[in-house]
Amino acid sequence: MLSALEFMETEIVAIIGPQSSVIAHTISHIANQLQVPLLSFAATDPTLASLQFPYFIRTTQSDLYQMKAVADIIDHYGWREVIAVFIDDDYGRNGVAALGDALSAKRCKLTFKAGIPPDAATNRAVLMDIMVQIALLESRVIVLHANPDSGFAVFSVAHYLGMMNEGYVWIATDWLSTALDSSSTRPLPPEKMDMMQGVIALRQHTEDSERRRAFSVRWKNMTEGVGGINSYALYAYDSVWLVAHALESFLSQGSGGVISFSKLELEGRRSSSHLHLEALSVFDGGPRLVEKILGSDFIGLTGRIKFTKDKTLLFPSYDIINVIGSGSRCIGYWSNYSGLSTSPPETLYSKPPNNSRENQKLQDMIWPGQSSRKPRGWVFPNNGKQLKIGVPIRVSYREFVSQVTRGSSNNNNNTFKGFSIDVFIAAVSLLPYPVPYQFMPFGNGIENPNYSELVRLVSAGDFDGAIGDIAIVTNRTRVVDFTQPYVASGLLVVAPFKKLNTGAWAFLRPFSAQMWAVTAFFFIVVGTVVWILEHRINDEFRGPPQKQLITIVWFSLSTMFFAHRENTVSTLGRAVLIIWLFVVLIINSSYTASLTSILTVQQLYSPIKGIESLKEGDDPIGYQTGSFAERYLVDEIGIHKSRLVPLGSPEAYAAALEKGPAAEGGVSAVVDERPYVESFLSSQCKFRILGQEFTKSGWGFAFPRDSPLATDMSTAILTLSENGELQRIHDKWLLRAGCDSDGTEIDSDRLHLKSFWGLFVICGAACVIALLIYCCQIILKFRRIARAESVGDGSGSSHSRNLRRLISLIDEKSDPSKRDKKRRKIDAQQQSHSMENSGHSNRINDASGGRTPTLLAPQLHFYQSEHN
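Last residue of the sequence shown: 871 in our numbering, with the numbers rising by one and none dropped.
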């Protein structure tokens with residue numbers, strides 16, 4: 004670095020280098036003071052930001068994008084926990100910090116960060132301690148961010164400890180590809196390649212072009228094949244041309260291409276004996292030259308050289324390589340434009356970006372240990388400890404979980420039994436790796452424990468997991484991860500019932516009282532509306548008031564059986580009647596079906612219809628001690644806590660329900676989860692489920708947040724469900740002889756008005772519309788008559804006279820309509836034509852001497868008999 008500073012004593016306009024991020028930090032400060040552009044083709048530290056160092060220009064890719072590529076690879080394979088091993092300097096620490104941010108964006112995390120000293124390559128004991136510590140951890144995904152010397156030393160120790168075997172995942176940043184490419188003409192020693200088999204590495208992507216291939220040939224001829232070209236060498240070449248293009252543009256300005264300097268003001272600072280700071284000069288054209296550099300746009304060996312607004316190269320991208328045999332092969336690419344792909348990034352820039360998970364692809368990998376199967380990425384810590392699995396000690400419903408009295412057996416896994424225990428053991432047996440565990444009892448054995456407290460202990464680290472009949476509810480999922488539910492659950496209402504026997508008044512039960520009242524009301528309304536629409540033009544709806552009233556009642560009631568004898572003449576009356584007959588048809592069909600069910604199926608009755616009935620009442624409600632039902636009823640349903648009664652066993656359920664809400668300690672209903680309720684009702688036939696299940700949940704096993712065991716156990720539970728083993732375990736523990744099937748259905752609700760209100764609305768609307776049209780017709784006719792009478796006698800009209808005239812008009816029989824006149828005219832014409840036919844027949848008889856032709860005889864006989 005001192006030689007670089009001494010070089011800066013001369014009048015310079017640009018600096019290309021350095022190759023170290025640590026040195027770049029120091030020189031960037033001086034470049035800011037001297038206004039000299041500093042172009043670095045190898046300093047990838049993401050903290051070298053343009054805001055802090057305006058004269059620092061990175062002509063390579065930032066580690067910010069490299070760590071995003073690493074995070075995308077980890078997310079692509081489904082790993083969630085990562086270990087980072089890095090060189091303990093600014094370059095390593097800042098790179099790992101960027102990796103942590105990128106992993107957090109993918110919902111992954113760094114579980115352990117191991118910094119190795121810069122001289123680790125010569126201190127194998129230090130590396131050994133670090134790697135032994137890593138080998139004892141759970142995660143098997145390791146990201147190595149170092150320099151070549153330290154990186155190879157880490158791989159050597161890992162190989163010695165067996166950490167390059169199957170099950171491990173090693174991801175190296177671009178330091179490894181740089182070392183491999185630099186030695187491409189002379190491969191690394193076989194012992195070095197053997198200890199890196201299956202490693203994933205990143206390499207800065209450079210476009211494969213004819214120009215690049217020609218340059219590689221020239222380079223090989225110049226060096227006589229001594230060394231290869233890595234991506235940093237290509238970026239260095241492009242950096243030189245970048246400065247050349249920028250200077251050419253700078254010198255061609257209208258200023259005449261003058262490069263001027265001014266003395267650096269030291270502000271009282273003294274120069275050292277080695278550095279003559281007073282000899283440093285400030286480049287006056289520095290800001291303009293930086294502008295020209297950032298505005299460059301040309302095609303180099305690495306591809307297109309163009310900068311974005313934040314002074315980074317356009318379209319950062321990386322090759323993803325897999326170390327195999329004596330070399331490596333490319334298995335895919337990563338770009339900030341389209342993520343992971345098997346196609347070169349430059350072929351995708353012309354297409355719309357697609358970063359969906361389905362579009363993220365890589366070729367098949369060879370993993371450490373020469374395995375083609377994707378590593379799981381984690382194992383149980385190799386520290387000899389067993390998982391502590393918390394198990395509740397239940398005092399009721401022991402078929403789900405129960406503690407076995409310890410005898411001579413020393414196997415701790417046999418101290419619990421039950422449905423949940425068998426499911427857990429069966430699921431663990433399906434895992435592709437051994438899981439050492441021991442059951443830890445939770446509870447005092449006197450009453451059922453609080454399951455929310457058991458879940459809290461899992462999140463606090465007191466237990467490594469919890470199994471049993473643990474309901475998956477929202478507040479618990481916030482602190483732990485649950486497996487796939489192994490049994491469906493939900494809250495139900497259980498209450499006593501009584502059987503309803505059919506009696507003399509059973510025919511009234513299909514409809515509620517409100518339904519009966521509204522139906523009767525509409526019978527009268529429809530009869531009245533039809534009478535209003537018909538009585539002026541239909542003789543069957545006229546007569547004395549008593550007769551008309553009887554006609555209304557008879558007509559409306561007879562429509563119930565479609566047996567009405569009165570004919571409707573008006574169009575409005577017929578429309579109302581058709582709609583009403585449709586309503587009657589629906590009501591009759593529903594009544595018949597409901598009455599049939601009542602008379603043939605045994606009916607059960609309870610005043611409680613479900614959770615809404617309990618919410619509206621004030622009776623006490625029972626719940627199981629330790630269940631989440633208490634919190635749910637108080638917080639979600641809004642039932643006051645004073646109404647809730649804790650019950651500890653099925654016997655307590657039955658006793659409290661039989662006492663009823665009026666007695667001390669009694670309840671009107673019990674709210675509990677479906678599996679408990681089904682077990683309770685299998686032996687208690689005096690009670691039934693009322694209403695519908697008002698929550699949907701399930702039972703699962705709880706593990707700490709982000710535990711990979713929860714995911715693998717979920718897969719195992721799904722396998723148990725698919726192969727029928729879960730059902731077999733269920734039948735072993737929970738299948739019991741239930742109550743007699745007769746009467747197991749609770750009484751369905753009566754047919755209420757809410758089921759038919761739409762029909763009544765339609766019918767009522769038809770009546771109203773018909774009456775409005777009829778009233779309009781009457782009013783228009785009344786106004787014509789009143790106007791004609793007032794013109795005829797020349798006198799005015801009083802209100803009483805108009806009212807009498809309106810009533811008379813409404814009550815009087817209407818004149819025959821034009822349609823009636825036309826029908827009568829047609830009937831008269833038909834009769835006249837018949838008479839003419841009769842006279843013509845008589846004349847034929849006379850002409851024939853009284854003989855009727857044989858063919859005409861039957862017709863004339865029919866005519867005569869018809870008119871006799």
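Ideal placement from N, C-alpha and C gives every residue a C-beta, glycine not left out.
Roughly how many whole angstroms lie between the Cα atoms of residue i and residue j?
i: Glu194; j: Tyr163; result: 12 angstroms
i: Ser299; j: Phe253; result: 11 angstroms
i: Met131; j: Gly471; result: 42 angstroms
i: Leu580; j: Ile535; result: 13 angstroms
i: Val172; j: Glu349; result: 29 angstroms
i: Ala175; j: Ile203; result: 6 angstroms
i: Asp638; j: Leu351; result: 54 angstroms
i: Leu139; j: Tyr80; result: 23 angstroms
i: Ser121; j: Leu283; result: In the sequence as displayed, the identity of residue 121 is Pro instead of Ser. Cα to Cα, the separation comes out at about 32 angstroms.
i: Glu696; j: Leu584; result: 39 angstroms
i: Gly289; j: Ser23; result: 23 angstroms
i: Val722; j: Arg401; result: Residue identity check: residue 722 is Thr in the sequence provided, not Val. Going from the Cα of Thr722 to the Cα of Arg401 covers about 26 angstroms.
i: Leu495; j: Pro623; result: 16 angstroms
Between which two residues does the alpha helix (DSSP H) harbouring residue i extend?
i: Met166; result: That residue, Met166, is in no alpha helix (DSSP H); it is neither H nor E in DSSP.
i: Met225; result: Glu213 to Thr226
i: Thr29; result: Ser24 to Leu37
i: Gln366; result: Premise fails: Gln366 is in no alpha helix (DSSP H) and is neither H nor E.
i: Pro711; result: Pro711 to Glu725
i: Ser265; result: First-last for Ser265: Phe264 to Lys266, but that is the beta strand (DSSP E), not the alpha helix (DSSP H).
i: Val532; result: Ala516 to Glu537
i: Val461; result: Tyr454 to Ala463
Answer yes or no: do residue i and residue j have a C-beta to C-beta separation smaller than 8 angstroms?
i: Val16; j: Val73; result: no
i: Ile77; j: Leu113; result: no
i: Gly98; j: His148; result: yes
i: Met196; j: Ala161; result: no
i: Trp244; j: Gly303; result: yes
i: Ile475; j: Phe466; result: no
i: Asp675; j: Val497; result: yes
i: Pro49; j: Asp66; result: yes
i: Val673; j: Leu650; result: yes
i: Trp89; j: Gly118; result: Note that residue 89 corresponds to Phe in the displayed sequence, not to Trp. Yes, the pair counts as a contact, with Cβ atoms nearer than the cut-off.
i: Glu210; j: Gly335; result: no
i: Gly421; j: Trp702; result: no
i: Asp184; j: Asn233; result: yes
According to DSSP, simplified to helix, strand and coil, what is residue i?
i: Tyr80; result: coil
i: Phe115; result: strand
i: Cys688; result: coil
i: Val482; result: coil
i: Gly546; result: coil
i: Ile302; result: strand
i: Glu14; result: coil
i: Lys612; result: coil
i: Gly669; result: coil
i: Val572; result: coil
i: Ile308; result: strand
i: Pro21; result: coil
i: Ile642; result: coil
i: Gln406; result: strand
Would you list the one or two residues that DSSP bridges to residue i?
i: Tyr626; result: Pro649 and Val674
i: Val85; result: Leu113
i: Ala491; result: Gly701
i: Trp173; result: Ile145
i: Phe422; result: DSSP, once it has assigned bridges, lists no residue as partnering Phe422.
i: Asp322; result: Arg206 and Tyr336
i: Arg61; result: Ser43
i: Gly468; result: Ile392
i: Phe706; result: Asp484
Would you kindly report the start and end of the unbroken beta strand (DSSP E) that includes residue i?
i: Gly330; result: Gly330 to Ser338
i: Tyr94; result: No beta strand (DSSP E) contains Tyr94, which is instead part of the alpha helix (DSSP H) from Asp93 to Ala108.
i: Pro444; result: Tyr440 to Phe445
i: Leu343; result: Gly342 to Ser344
i: Gly393; result: Leu390 to Pro395
i: Phe564; result: Unbroken run through Phe564: none, as it is neither H nor E.
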